[in-house]
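In what follows, a single structure is set out as C-alpha cells and then discussed.
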Amino acid sequence: MLFFSCFREKFIMRLSAFPLRENFASVFMWCNIILIYIILKDKEIPILKYIGLFFSSLLCFLFWQFSVFVSVTHIVSLFIVDLLGYNIINKLNNILFIFCFSYLLSITLTFFPRYLLCTYFPYVLIAILITNVIFNYFSKKKKDDVNNNNNNIYNMNETNNQHSKTCTFVRTTKEKNHEMINNNKINNLKNNNNHPCNNYNSYNQCEERKNEDINDKPTNKYNKEISLFTLFKNLYIIKNWIFILKKGLTSIFIFLILRLIIFSKDKDDSHVISLLKVRLKLANHNFDTMLYSSGSEFNPFSKYMFHMLKESAVYEYFIIFNILFFIYILNYCKQLLKGKQTQQYHIFKSSFIFLIYQLVFFILLMLIISRLRVLALPLICLFSSLVGSPHFLDDLYFLTSQNFLKSKRTNKGRLHKIIIFSICLVQCAYPFKKYFPQYEYMNMINNEPINLQKNLDLIIWLKKNIKEGEALISDIPTSSFLRCTTNYKFVLHPQYEDSNLRKRVQDYYMFSACLPFSDGKKYIFEKYKSRYFISNIYRCSSSGSKINVFTISDKIDSNYARCEKKRKTMRFCNRVLYDDKNYKTLFRNGKFSVIYFTPEIIPDNTPYKYFNQKKYSNIIYYEPWIKRCMLTDDKCALHITEVARTYLDMLKYNLIAFTLYDYVENNLLHNNVEVIFHIAEYYDYDKKDHKKANELYRKAINLIIKKESDLGTYIIGQTPYVSIPRKIQILSSFLYFIVDMSLYKDRQEILLIYKNMNEFINAALFALDNRFYYEIIKSTQPNQKDQIIKRSFYKKELHTINTFGKLCY
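Quick note on numbering: the sequence shown equals residues 196 to 1004 in the working numbering.
Shown next, in the form of C-alpha cells:
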C-alpha cells in the first residue's frame, strides 16, 4: 500500500505514459535485483536462476538505454559487499559473467550501437573482473606458500602430532580476506585436520562453539571497556582496511585506464555524465545539461516532491524501520560483548546488505535527478514495509528480550505474537487512512494530454497540404507524435543518446537563436534536405526562468547562430513569422507554426533587432498567412483566435492580440459557434465588456439550443462540428455568466438551458449504447432541405458528460 499511495500525480510511475522505455524495462530491472538477492541468499543455486538473470538483464539492456547505468549500481553494490568481507567471490564472478554475456548479446542484437559500447558499464564490469582475478591469484599463491610451510612443520613434528577435535587459534591467511571477522575473541577457527569451522560472514559463528560454556555473569567496568575495544579492533573493516583499500583502488585504477582508451572519442553517454557533474557542482552548464535542466524531471528532487511524499505514510514507516534496524545493531553488539553468538542475524547477511547499498545508490540518483525517483521509491517502500512484517518484529522481540530483558521464555508465550500481529494489521491499514490515490485510479484513462486538439489539427493540416515523404524539421516531442501518425521524414527523433543526433538538436536550436536570416535556409537545406520547419511556441518563447529556450540556444557550440549577449533581440523563430519573401507561413494555431523555406534566396543580412510590438501590431504582417489559411485550413478563424490568445496570455503582446481579435470579429465571425464563444470570452475576461460579451454569448447559444416547442426532436448540429461535451461546456459557462452578472431575463430562460443540457446528456447515453446519435443541420437556403447526420460518440467522452452532469445536479 505504501507503493500504491505514491501514485499521486504520476509521482512513482507515469501511468498515462506507459509506452515509455523505462516503464517496459523497469520490470526486468527489478527481476535482476530479486534474482541477485536469491542467488546471494541461497547456498545451492539452480542453474535456472542464472539463466533467468541472463534473460532479464538482456531484455533490460534492449528496452532501456539508461539500464546500463542502473546495472552499474548492481555490480558496484555487489563489489562493496565483497569488500566488506562476505564470502561471495564465486557468486560475484558468476553474476559478473552473466552480465557480461547478456551485454555482449544485447550489443550484437542492436548492431553494436556507440551508446552501449562507450558507456561506463563494460569498463566497470571488466575492471571488477580483472581485480578479482588478480587478487584471487595472489591469494592462491599465498595459500600455497602457507601450506608448504605447514607441511614442512608437520613432517618435522610428525611424532608429536595429536589428533584433537577441538578448535585452535591460527593466524588468518589472505584466503580469509573475503570473510567477515568481527569476533572479539577469535579471528579464525580450524580443527587439527585443517578443516575450517563453519563461519557466518556477519558474526563469525563457529558451530563447535555452540557447545562451549559461556559465563553470562556481568563483568566489571574495566573488562567491559576491554571487550568493547577488542570488538572494535577486530572489526573486519578496521582489521583489513589496507586490503580493502588496495582492492578498491586497483579496480578504480583499471577502470580509469580502460576509460582513457576512448577518452579522445565523443562518447554517447557524455551528456548523462555532464549532467551528474553539474548536479554535484563539479562542472558548469553546457548545451546538453542545460537542455535537460529545462525539464523539471531532470532537476534535483525538489521541496514540493518531498511534501508530496510526506502526504503518504512512507516517511513514518521508513523512520520506524531505521529505528528498528538500529535496535538490531544494538542487539548484535550486545551479544558480541557478552561473548554469545547463538542467534543468526539474517538482516546482516550478504543478500540484505546488497539491498541496502542498492537503496543508497538509488536514493542518491533520485536526489540528483528527480525522474529517477522511480528507482528509489519502490525500494524505500520495500524497506519501510518491513515494519509490518510479523517475522521481522518477532525476531526483534526475541533478540531484545534475550539480550536486554534477560528473558528465557520468550518463545513459549503467545501474547507477544498476538500483539505483533495486531500491530502489523494496524500498520497495513494506516496507509489507506493516510492517503489513497482514488482520483488517480478513477481518472487514469480519462486524462488526456494538454493541447491534444492542437496536435490533431496540425496532423490533419499536414496530411492535406504536404505530400508524403517530405523532410520536416521540428523539435523531438513534435517529431515523436508526427512520426507515429504521418509518413514524413524527420530530422530529429527521440534517440538523444546518439552523439550525432545531439549535434542535430543543436542545429534545431539555432532557430531559437540568431541564425543568419537569408542564409539560414540554405544551411538547413544543404545539410538536411528540408524546406519545412515546424515551430513550437514553447521553443520560441522565454519562460522567464534562468534556464529557458533562449539561454539553451546561447550554449550552442557553433558561433554561426549566436546572438549578442548584451542585447535582447528577436530570434529567428520570431522574425520568420513576419517575413513573406524568404519564408512563408503556411499554418498557425495556438501551439504550432509551419514555415516553408522558399528555394529562391533573397539577400537579407539585416541584424536582429529588439521586437517592436507597435510595428508588428499592423494587420499587414498577418494578411499573407491569413489568405493561405482561408484556402487550406478548415478551422482558420478558430486558429487565428488561438494565435491571438497565445499573444495575449503567453507572449504578453496585447496590441497584436487586439488586432487579430478585431480582424476575426469584423471578417470571420459568421455562424461559427466556437469562434463566437471565444470572442465572447475575450470581451468577458480581457476587455471586461460584459454587455458585448452577453451579446456574443447569446449569439453562440442560439445556434445550439432549441426552443421549448422543439424539445424532444433531433439535437441541432453546427458547421463546423461541435461535439456534445463542448456544447454542454458552452451552456454551463453561459449559465454561470448570466447568473453571476444577473443578466438572465427570467427563470424560464434558465430552465430552458437546463432542459437542453438534459437532451444532450440523453443523446450521449443513447450513443453509449448504440455508438452513434443523430443531429439535424438546419438549411441556410430556402430551396434546400434540412440534413440529418449520423454522428459517432466514444466512451472516453463520458468523463466530460459526467463532470457537467454533476455540476447541473
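Ideal Cβ placement from N, Cα and C applies to all residues, glycine included. Everything numeric in this text was worked out from a predicted model, so none of it was measured.
Could you check if residue i is buried or exposed, using at least 16 other CB atoms within 10 Å of its CB as the buried criterion?
i     : result
K371  : At K371 the pLDDT is 40, less than 50, meaning the model places this residue with poor confidence; the figure from the coordinates comes in the next sentence. That one is buried.
A875  : buried
Y246  : Residue 246 is actually Ile in this sequence, not Tyr. Result: exposed.
V934  : exposed
D652  : buried
F333  : exposed
L384  : The predicted model places L384 with a pLDDT of 34, which falls under 50 and marks its position as unreliable; any figure quoted below should be read in that light. Buried, since its Cβ has 16 or more Cβ neighbours within 10 Å.
L1002 : For L1002, the predicted structure reports a pLDDT of 45, less than 50, and the residue's modelled location is therefore unreliable. The matter cannot be settled from this model.
R609  : exposed
D884  : exposed
W656  : buried
L248  : buried
A839  : buried
I1009 : No information on residue 1009 is available, as it lies outside the stretch 196 to 1004 that the chain covers here.
H390  : In this prediction, H390 has a pLDDT of 35, which is less than 50 and means its spatial position is unreliable; what the coordinates show is noted afterwards. Classification of H390: exposed, given that the 10 Å Cβ count is below 16.
A624  : exposed
Please tell me whether residue i and residue j are closer than 8 angstroms, where the distance is taken between their beta carbons.
i     : j    : result
D981  : K973 : yes
S497  : Y630 : no
I900  : I971 : no
S262  : V569 : no
N660  : T827 : yes
F955  : I923 : yes
F782  : V771 : no
I851  : L486 : no
Y510  : L504 : yes
L898  : V868 : yes
A958  : Y949 : no
Y667  : K684 : Residue 667 is actually Leu in this sequence, not Tyr. Going by C-beta atoms, L667 is nearer than 8 angstroms to K684.
S251  : F223 : yes
F787  : S730 : yes
A708  : D749 : yes
F330  : K442 : yes
R1019 : F988 : The chain is shown only over 196 to 1004; residue 1019 falls outside these bounds and no answer can be derived.
Y848  : Q913 : no
R257  : T303 : Position check: residue 257 holds Leu in this sequence, whereas Arg was assumed. Cβ atoms of L257 and T303: not closer than 8 angstroms.
Y523  : I542 : yes
L843  : V870 : no
Taking the alpha-carbon positions, what's the residue i to residue j distance?
i    : j    : result
Y315 : F274 : 16 angstroms
P585 : F593 : 12 angstroms
W820 : D714 : 22 angstroms
N379 : F438 : Residue placement at N379 is poorly supported in this model, since its pLDDT is 37, which falls under 50; the coordinates still yield a value, given next. Cα to Cα, N379 sits roughly 20 angstroms from F438.
Y877 : A895 : 14 angstroms
K822 : L863 : 12 angstroms
K434 : L278 : 13 angstroms
N289 : F549 : 16 angstroms
Y499 : I468 : 26 angstroms
R986 : P920 : 13 angstroms
I797 : F728 : 18 angstroms
Y733 : N285 : 54 angstroms
L591 : C619 : 14 angstroms
E944 : S904 : 14 angstroms
F578 : I515 : 10 angstroms
C576 : F513 : 8 angstroms
N526 : N598 : 6 angstroms
K628 : Q622 : 10 angstroms
S617 : F587 : 14 angstroms
E665 : Y703 : 17 angstroms
C528 : I449 : 37 angstroms
Going by DSSP, which residues form a beta bridge with residue i?
i     : result
F728  : I668 and I790
E1006 : What is shown of the chain runs 196 to 1004, which leaves residue 1006 out entirely.
T780  : I790
F685  : L667
For the ligand SAM, is there any heavy atom lying closer than 7 angstroms to the beta carbon of residue i?
i    : result
A478 : This structure simply doesn't include the ligand SAM, nor any ligand for that matter.
For residue i and residue j, which I take to be in contact (beta-carbon distance under 8 angstroms), what is that distance rounded to the nearest angstrom?
i     : j    : result
G785  : T841 : 5 angstroms
Y778  : T793 : 7 angstroms
L235  : S446 : Not quite, the Cβ-Cβ distance comes to about 20 angstroms (not below 8 angstroms), so this is no contact.
L560  : A571 : 7 angstroms
F767  : F706 : 5 angstroms
S1016 : Q553 : No information on residue 1016 is available, as it lies outside the stretch 196 to 1004 that the chain covers here.
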